[in-house]
Amino acid sequence: MIEEFNREKILIAQFREKLKQDSKPGVSIIACTNKPNYIHNIFINYERSNYPEKELLLIINNNKISLNECKLKATKFNHVKIFQLDETCTLGECLNFGVEKSKYDYISKMDDDDYYGSDYLEDTMNVFKYTDADITGKLTYFVYFEDKNTLGIMCRNWEYRYVFAVAGGTITAKKEVFNSVKFQNITFGEDKLFLENCHESGFKIFSSDKYNYVLMRHKNLEEHTWKIHSEDFIKHVNIVSVIPDFASIISV
1 MIEEFNREKI LIAQFREKLK QDSKPGVSII ACTNKPNYIH NIFINYERSN
51 YPEKELLLII NNNKISLNEC KLKATKFNHV KIFQLDETCT LGECLNFGVE
101 KSKYDYISKM DDDDYYGSDY LEDTMNVFKY TDADITGKLT YFVYFEDKNT
151 LGIMCRNWEY RYVFAVAGGT ITAKKEVFNS VKFQNITFGE DKLFLENCHE
201 SGFKIFSSDK YNYVLMRHKN LEEHTWKIHS EDFIKHVNIV SVIPDFASII
251 SV
């Protein structure tokens, strides 16, 4: 399997290099969180990205989190906007708020606790150069189980094709999509319903490669919106390796 990954990664790197001189439209990254312990992870993912034209809109959805402290931390990074909505607001409302406050023509949703590689955003944006997709993301993606040090793949063989949905933490869309479809006023499954509504409305969704993104399953179940135990989740993935550091495998 590792040899297969290496062959795929060579092709991805070559393709990225081919498109390197093309224009790079700006992207507004929207991250929502009610977990103070994952704010740092959001900043790290944002800083790790080498995409040149980007902004981060961080939506705080917890009244106990200090907005001033977050803004102070944000001063270390470029083009970051911090907002705080009352914790009674749903995740869907927070995401729609972020879209309204964004300045670029592309919107990229970032989950607070996942891993995004340095070239994640560039490869994602390249999809709009070689397809006529309105939305892109990953239907096939890596999953890492912290309590087991185990890396797996979810939904194998759904790469490079038009699909009905992608992983919620990988949704990147043309901003014009939101003129027709918005996130619903819910906290659980808002991304799934958004994609269903987009598909029904005729918007094209394209699944890219599986690399440079990892859905993290943490030891503490309470840190997840989707309360599924690792023992149950892992039954649905193809195991790649038991490894303490996954970066070398998932990065291109």
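Here the UniProt record's numbering is used: the first residue of the sequence shown is 1, the next is one more, and so on. All residues carry an ideal CB built from backbone N, CA and C; glycine is no exception. The structure presented is a predicted model; accordingly, all values stated were derived computationally and were not measured.
Burial state of phenylalanine 75, where buried means 16 or more other Cβ atoms lie within 10 Å: Sequence inspection shows threonine at residue 75; the phenylalanine mentioned does not correspond to that position. It is exposed - the Cβ of threonine 75 has fewer than 16 other Cβ atoms within 10 Å.
Proximity below 8 Å, CB of aspartate 119 to CB of asparagine 50: Taking C-beta atoms as the reference points, aspartate 119 and asparagine 50 count as a pair closer than 8 Å.
Give every residue of the same chain whose Cβ lies closer than 7 Å to the Cβ of isoleucine 63, excluding the five residues on either side of it in the sequence, and list them in chain order. The sequence shown places asparagine at residue 63, not isoleucine. Close CB contacts of asparagine 63 within its chain, under the 7 Å cut and outside five residues either way in sequence, are with Asp86 and Glu87 (chain order).
Suppose contacts are defined by Cβ-Cβ distances below 8 Å. Is glutamate 159 in contact with serine 208 by that definition? Against a cut-off of 8 Å, the Cβ pair of serine 208 and glutamate 159 comes out as a contact.
Determine contact between the segment 161-175 and the segment 97-106, defined as no fewer than three beta-carbon pairs at a distance below 8 Å. Judged by Cβ distances under 8 Å, the segment 161-175 makes contact with the segment 97-106, as three or more pairs qualify.
First and last residue of the uninterrupted beta strand (DSSP E) at valine 127: If you look at valine 127, you'll find it isn't in any beta strand (DSSP E); it sits in the alpha helix (DSSP H) that goes 120-130.
In the DSSP output, what is cysteine 32 paired with across the bridge? Ile59, per the DSSP bridge assignment.
Backbone secondary structure at tyrosine 115 - three-state DSSP: Annotated three-state conformation of tyrosine 115 is strand, per DSSP.
Lysine 20 to valine 237, Cα distance in whole Å? C-alpha separation (whole angstroms): 33 Å.
N- and C-terminal bounds of the alpha helix (DSSP H) containing glycine 98: Looking at the DSSP string, the run of the alpha helix (DSSP H) that includes glycine 98 is 91-101.
Cut-off 6 Å between Cβ atoms - residues of its own chain near glutamate 55, not counting five sequence neighbours on either side: Excluding its 5 nearest sequence neighbours in each direction, glutamate 55 has C-beta neighbours in its own chain below 6 Å: Ser28 and His79, listed in chain order.
With 16 other CB atoms within 10 Å as the buried threshold, where does leucine 72 fall? So leucine 72 ends up on the exposed side.
Could you tell me the alpha carbon to alpha carbon distance between glutamate 69 and phenylalanine 203, rounded to whole angstroms? Taking the straight line from one Cα to the other gives about 39 Å.
Whole angstroms is fine: what's the gap from isoleucine 243's alpha carbon to valine 166's? C-alpha separation (whole angstroms): 26 Å.
Inspect the beta-carbon positions of threonine 140 and lysine 192 and report whether they are closer than 8 Å. Not in contact: threonine 140 and lysine 192 (Cβ atoms no closer than 8 Å).
Determine the closest residue to threonine 170 out of Phe5, Leu11 and Asn45, with distance taken between C-alpha atoms. Taking the Cα of threonine 170 as reference, the smallest distance to any Cα among Phe5, Leu11 and Asn45 is reached at Asn45.
Any contact between the segment 30-45 and the segment 105-118? By contact I mean 3 or more CB pairs, one from each, below 8 Å. Yes: the two stretches touch, three or more of their Cβ pairs being nearer than 8 Å.
For isoleucine 186, which residues from the same chain have a beta carbon less than 8 Å from its beta carbon, with the 5 sequence-adjacent residues on both sides left out? Short of 8 Å from the beta carbon of isoleucine 186, and not among the five residues preceding or following it, lie these beta carbons of its own chain, in chain order: Thr90, Leu91, Gly92 and Leu193.
Along the chain, which unbroken stretches of the beta strand (DSSP E) at least 3 residues long are found entirely within the segment 184-248? For the segment 184-248, whole beta strand (DSSP E) runs of length 3 or above, ordered along the chain, are 205-207, 213-217 and 237-242.
Leucine 11: buried (16+ other C-beta within 10 angstroms of its C-beta) or exposed? With fewer than 16 other Cβ atoms inside 10 Å of its own Cβ, leucine 11 counts as exposed.
Count the other CB atoms, across all protein chains shown, that sit within 10 Å of the CB of glutamate 231; report buried if there are 16 or more and exposed otherwise. Around the beta carbon of glutamate 231, fewer than 16 other beta carbons sit within 10 angstroms, so the residue counts as exposed.
Could you pull the start and end residues of the beta strand (DSSP E) that tyrosine 46 belongs to? According to the DSSP assignment, tyrosine 46 belongs to no beta strand (DSSP E) but to the alpha helix (DSSP H) extending over 39-48.
When DSSP builds the beta bridges, which residues end up paired with methionine 110? BP columns for methionine 110 point to Ala31.
If isoleucine 205 sits next to phenylalanine 164, beta carbons under 8 Å apart, how far is it from one beta carbon to the other, in whole angstroms? Isoleucine 205 to phenylalanine 164, Cβ: 7 Å. Contact.
By DSSP, does glutamine 21 sit in helix, in strand, or in coil? If DSSP states are grouped into helix, strand and coil, glutamine 21 belongs with coil.
So what's isoleucine 153 in DSSP terms, helix, strand or just coil? In the structure shown, the three-state DSSP call for isoleucine 153 is strand.
Use the C-beta contact count for leucine 67: other C-beta atoms within 10 angstroms, 16 or more gives buried, fewer gives exposed. Leucine 67 is classed as exposed because its beta carbon has fewer than 16 other beta carbons within 10 Å across all chains shown.
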